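Step one of this worksheet: look at the structure below.
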Amino acid sequence: MEVHTNSPIHRRDLPVKCDDNGNIRILVVGNSGTGKHELAFLTTTMADRLGGLLKFPVVHLDEVHWLPNWVETPRDEFRGQIQEFTNTNDNWVIDGNYKSSVGDLTFSLATTIVWMDPPFILYFSRLILRTFFGLLGWTPPCSPGCDENLKSIFTLGEQSILWYAWTQHRPYKEFYTSRMRTDEACSEGKWVRLGGWGSDSRKWLTSIESLSKAS
102 MEVHTNSPIH RRDLPVKCDD NGNIRILVVG NSGTGKHELA FLTTTMADRL
152 GGLLKFPVVH LDEVHWLPNW VETPRDEFRG QIQEFTNTND NWVIDGNYKS
202 SVGDLTFSLA TTIVWMDPPF ILYFSRLILR TFFGLLGWTP PCSPGCDENL
252 KSIFTLGEQS ILWYAWTQHR PYKEFYTSRM RTDEACSEGK WVRLGGWGSD
302 SRKWLTSIES LSKAS
(Lines of atoms letter the chains of each structure in order from A and count residues from 1; the text may use other names and numbers.)
(Lines give C-alpha, C1' and ligand atoms only; values in the text may rest on other atoms or scores of the structure.)
Protein backbone atom coordinates (compact mmCIF):
# COMPACT_ATOMS: atom_id res chain seq x y z
CA MET A 1 0.00 0.00 0.00
CA GLU A 2 1.40 3.36 -1.00
CA VAL A 3 2.41 5.65 1.84
CA HIS A 4 2.17 9.41 1.44
CA THR A 5 3.86 12.22 3.32
CA ASN A 6 1.45 14.21 5.48
CA SER A 7 1.42 17.97 5.14
CA PRO A 8 0.98 20.14 8.28
CA ILE A 9 -1.80 22.71 8.31
CA HIS A 10 -3.43 24.90 10.95
CA ARG A 11 -5.80 22.20 12.13
CA ARG A 12 -7.40 24.15 14.96
CA ASP A 13 -9.18 26.34 12.38
CA LEU A 14 -10.69 23.56 10.28
CA PRO A 15 -14.35 22.43 10.59
CA VAL A 16 -13.13 18.94 11.52
CA LYS A 17 -11.97 17.43 14.79
CA CYS A 18 -8.35 16.62 15.53
CA ASP A 19 -6.68 14.56 18.25
CA ASP A 20 -4.48 15.86 21.06
CA ASN A 21 -1.51 15.90 18.69
CA GLY A 22 -3.31 17.97 16.07
CA ASN A 23 -3.80 15.06 13.67
CA ILE A 24 -6.94 14.64 11.57
CA ARG A 25 -8.38 11.29 10.52
CA ILE A 26 -11.56 11.45 8.44
CA LEU A 27 -13.91 8.53 7.73
CA VAL A 28 -16.51 9.05 4.98
CA VAL A 29 -19.52 6.70 5.23
CA GLY A 30 -22.97 6.23 3.70
CA ASN A 31 -24.96 4.00 1.39
CA SER A 32 -23.72 3.25 -2.12
CA GLY A 33 -24.32 6.30 -4.33
CA THR A 34 -24.88 8.78 -1.49
CA GLY A 35 -22.03 11.03 -2.53
CA LYS A 36 -18.91 9.21 -1.32
CA HIS A 37 -18.25 8.47 -4.99
CA GLU A 38 -20.05 11.12 -7.01
CA LEU A 39 -19.05 14.73 -7.14
CA ALA A 40 -18.17 16.86 -10.15
CA PHE A 41 -20.31 14.85 -12.60
CA LEU A 42 -19.68 11.46 -11.05
CA THR A 43 -15.90 11.51 -11.37
CA THR A 44 -14.51 12.91 -8.10
CA THR A 45 -15.07 11.36 -4.69
CA MET A 46 -15.73 13.27 -1.49
CA ALA A 47 -12.71 11.50 0.00
CA ASP A 48 -10.48 12.56 -2.91
CA ARG A 49 -11.65 16.16 -2.58
CA LEU A 50 -10.81 16.12 1.12
CA GLY A 51 -7.47 14.45 0.52
CA GLY A 52 -6.58 16.98 -2.15
CA LEU A 53 -7.55 19.98 -0.04
CA LEU A 54 -5.85 18.78 3.13
CA LYS A 55 -2.90 17.05 1.43
CA PHE A 56 -3.78 13.77 3.20
CA PRO A 57 -3.42 10.23 1.86
CA VAL A 58 -6.71 8.61 0.82
CA VAL A 59 -7.85 5.00 0.86
CA HIS A 60 -11.07 3.75 -0.73
CA LEU A 61 -12.09 0.55 1.03
CA ASP A 62 -13.73 -0.77 -2.15
CA GLU A 63 -10.34 -0.72 -3.86
CA VAL A 64 -8.77 -2.71 -1.04
CA HIS A 65 -11.64 -5.16 -0.66
CA TRP A 66 -12.22 -5.99 -4.33
CA LEU A 67 -9.51 -7.63 -6.40
CA PRO A 68 -9.88 -7.91 -10.23
CA ASN A 69 -12.91 -9.90 -11.45
CA TRP A 70 -14.77 -9.22 -8.20
CA VAL A 71 -12.59 -11.47 -6.06
CA GLU A 72 -12.80 -10.52 -2.39
CA THR A 73 -9.64 -9.90 -0.40
CA PRO A 74 -9.50 -12.31 2.57
CA ARG A 75 -10.85 -10.59 5.69
CA ASP A 76 -7.64 -10.80 7.72
CA GLU A 77 -5.60 -9.44 4.82
CA PHE A 78 -8.15 -6.69 4.21
CA ARG A 79 -8.10 -5.58 7.83
CA GLY A 80 -4.31 -5.89 7.92
CA GLN A 81 -3.89 -3.51 4.98
CA ILE A 82 -6.14 -0.93 6.64
CA GLN A 83 -4.29 -1.34 9.93
CA GLU A 84 -0.97 -0.81 8.14
CA PHE A 85 -2.28 2.35 6.47
CA THR A 86 -3.55 3.84 9.74
CA ASN A 87 -0.36 2.91 11.58
CA THR A 88 1.84 4.51 8.92
CA ASN A 89 -0.02 7.80 8.44
CA ASP A 90 -0.81 10.35 11.16
CA ASN A 91 -3.44 12.06 8.99
CA TRP A 92 -5.71 10.31 6.51
CA VAL A 93 -9.04 10.03 4.75
CA ILE A 94 -10.78 6.65 4.47
CA ASP A 95 -13.87 6.11 2.32
CA GLY A 96 -16.26 3.23 2.95
CA ASN A 97 -18.28 1.24 5.46
CA TYR A 98 -17.23 -2.45 5.68
CA LYS A 99 -17.98 -2.62 9.39
CA SER A 100 -18.37 -6.40 9.23
CA SER A 101 -14.79 -6.70 7.92
CA VAL A 102 -12.88 -3.98 9.77
CA GLY A 103 -15.05 -3.81 12.86
CA ASP A 104 -14.68 -0.56 14.80
CA LEU A 105 -11.12 0.01 13.58
CA THR A 106 -11.92 2.96 11.32
CA PHE A 107 -14.69 4.34 13.56
CA SER A 108 -12.53 4.32 16.68
CA LEU A 109 -9.51 5.92 15.00
CA ALA A 110 -11.38 8.60 13.04
CA THR A 111 -11.41 12.06 14.57
CA THR A 112 -14.20 13.11 12.17
CA ILE A 113 -16.91 10.89 10.66
CA VAL A 114 -18.63 12.34 7.60
CA TRP A 115 -22.03 10.72 6.98
CA MET A 116 -23.28 11.30 3.44
CA ASP A 117 -27.08 11.31 3.78
CA PRO A 118 -28.79 12.95 0.78
CA PRO A 119 -32.41 12.12 -0.21
CA PHE A 120 -32.83 8.65 -1.70
CA ILE A 121 -34.38 9.93 -4.93
CA LEU A 122 -31.31 12.12 -5.52
CA TYR A 123 -28.54 9.62 -4.93
CA PHE A 124 -30.31 6.59 -6.42
CA SER A 125 -30.92 8.39 -9.71
CA ARG A 126 -27.29 9.49 -9.65
CA LEU A 127 -26.21 5.90 -8.99
CA ILE A 128 -28.22 4.70 -12.00
CA LEU A 129 -26.38 7.21 -14.19
CA ARG A 130 -23.00 6.23 -12.80
CA THR A 131 -23.74 2.53 -13.28
CA PHE A 132 -24.76 2.83 -16.92
CA PHE A 133 -21.95 5.26 -17.65
CA GLY A 134 -19.69 2.57 -16.23
CA LEU A 135 -21.09 0.07 -18.70
CA LEU A 136 -20.05 2.45 -21.46
CA GLY A 137 -16.61 2.95 -19.94
CA TRP A 138 -17.28 6.61 -19.15
CA THR A 139 -16.76 6.28 -15.38
CA PRO A 140 -14.20 4.12 -13.56
CA PRO A 141 -15.26 0.97 -11.67
CA CYS A 142 -15.29 0.90 -7.88
CA SER A 143 -12.03 -1.04 -8.02
CA PRO A 144 -9.63 -1.74 -10.91
CA GLY A 145 -10.65 -4.82 -12.88
CA CYS A 146 -14.18 -4.89 -11.47
CA ASP A 147 -16.26 -3.77 -14.41
CA GLU A 148 -20.05 -3.77 -14.30
CA ASN A 149 -22.08 -5.90 -16.68
CA LEU A 150 -25.78 -6.13 -17.45
CA LYS A 151 -26.19 -9.49 -15.72
CA SER A 152 -24.73 -8.29 -12.44
CA ILE A 153 -26.65 -5.01 -12.53
CA PHE A 154 -30.04 -6.64 -12.94
CA THR A 155 -29.44 -9.55 -10.56
CA LEU A 156 -31.73 -9.43 -7.54
CA GLY A 157 -29.00 -9.74 -4.95
CA GLU A 158 -25.97 -8.02 -3.43
CA GLN A 159 -24.04 -8.48 -6.68
CA SER A 160 -26.18 -5.69 -8.12
CA ILE A 161 -25.10 -2.26 -6.93
CA LEU A 162 -28.60 -0.92 -7.66
CA TRP A 163 -30.31 -3.69 -5.69
CA TYR A 164 -27.84 -3.22 -2.83
CA ALA A 165 -28.42 0.53 -2.63
CA TRP A 166 -32.21 0.07 -2.82
CA THR A 167 -32.35 -2.50 -0.02
CA GLN A 168 -29.70 -0.93 2.23
CA HIS A 169 -31.09 2.61 2.29
CA ARG A 170 -33.20 2.13 5.41
CA PRO A 171 -30.71 -0.10 7.31
CA TYR A 172 -27.89 2.41 6.80
CA LYS A 173 -30.16 5.31 7.69
CA GLU A 174 -31.24 3.62 10.93
CA PHE A 175 -27.73 2.46 11.83
CA TYR A 176 -26.00 5.79 11.37
CA THR A 177 -28.84 7.76 12.97
CA SER A 178 -28.60 5.56 16.04
CA ARG A 179 -24.81 5.57 16.08
CA MET A 180 -24.63 9.34 15.78
CA ARG A 181 -27.13 9.83 18.60
CA THR A 182 -25.47 7.43 21.00
CA ASP A 183 -21.83 8.13 20.20
CA GLU A 184 -20.46 10.23 23.03
CA ALA A 185 -18.12 11.94 20.60
CA CYS A 186 -21.11 13.29 18.69
CA SER A 187 -21.54 16.03 21.27
CA GLU A 188 -17.93 17.04 20.63
CA GLY A 189 -18.50 17.54 16.91
CA LYS A 190 -16.98 14.27 15.70
CA TRP A 191 -19.92 13.56 13.38
CA VAL A 192 -20.70 15.65 10.31
CA ARG A 193 -23.99 14.75 8.60
CA LEU A 194 -24.27 16.05 5.04
CA GLY A 195 -27.87 15.77 3.84
CA GLY A 196 -30.01 17.86 1.54
CA TRP A 197 -29.66 18.22 -2.21
CA GLY A 198 -25.98 19.08 -2.30
CA SER A 199 -25.75 22.48 -0.63
CA ASP A 200 -24.59 20.99 2.69
CA SER A 201 -21.69 19.19 1.01
CA ARG A 202 -20.69 22.19 -1.07
CA LYS A 203 -20.81 24.55 1.90
CA TRP A 204 -18.76 22.21 4.09
CA LEU A 205 -16.15 21.61 1.39
CA THR A 206 -15.94 25.34 0.70
CA SER A 207 -15.20 26.04 4.36
CA ILE A 208 -12.39 23.49 4.32
CA GLU A 209 -11.05 24.80 1.02
CA SER A 210 -11.01 28.39 2.28
CA LEU A 211 -9.24 27.50 5.49
CA SER A 212 -6.74 25.18 3.84
CA LYS A 213 -5.77 27.93 1.39
CA ALA A 214 -5.29 30.35 4.27
CA SER A 215 -3.07 27.95 6.22
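Just so you know, we're using our numbering here: the sequence shown kicks off at 102 and counts up by one. By construction, the Cβ of each residue, glycine as well, lies at the ideal position given by its N, Cα and C atoms. On a predicted model such as this, the values are computed, not experimentally measured, just so you know.
{"Item": "Give the DSSP-derived three-state secondary structure of HIS138 in the structure shown.", "Value": "Note that HIS138 has pLDDT 48, beneath the 50 cutoff, so the model's placement of it is unreliable and the number below is only indicative. The answer is coil: DSSP assigns HIS138 none of H, G, I, E or B."}
{"Item": "Evaluate ILE222 with the Cβ neighbour count: other Cβ atoms within 10 Å of its Cβ, from every protein chain shown; 16 or more gives buried, anything less gives exposed.", "Value": "exposed"}
{"Item": "Is it true that the CB of ALA148 sits closer than 8 Å to the CB of VAL194?", "Value": "yes"}
{"Item": "For THR213 and LEU206, I'd like the C-alpha separation in whole angstroms.", "Value": "14 Å"}
{"Item": "Count the other CB atoms, across all protein chains shown, that sit within 10 Å of the CB of GLU185; report buried if there are 16 or more and exposed otherwise.", "Value": "exposed"}
{"Item": "Hey, could you find the ends of the alpha helix (DSSP H) VAL203 is sitting in?", "Value": "200-203"}
{"Item": "For CYS243, I'd like the list of residues in its chain whose CB is within less than 7 Å of its CB, leaving aside the five on either flank, ordered along the chain.", "Value": "ASP163, TRP167"}
{"Item": "To the nearest angstrom, how far is it from the Cα of ASN124 to the Cα of PRO241?", "Value": "31 Å"}
{"Item": "Please give the ranges of any beta strand (DSSP E) in the stretch 239-264, keeping only runs that are unbroken, at least 3 residues long and fully inside the region.", "Value": "none"}
{"Item": "Along the chain, where does the alpha helix (DSSP H) that runs through THR187 open and close?", "Value": "176-189"}
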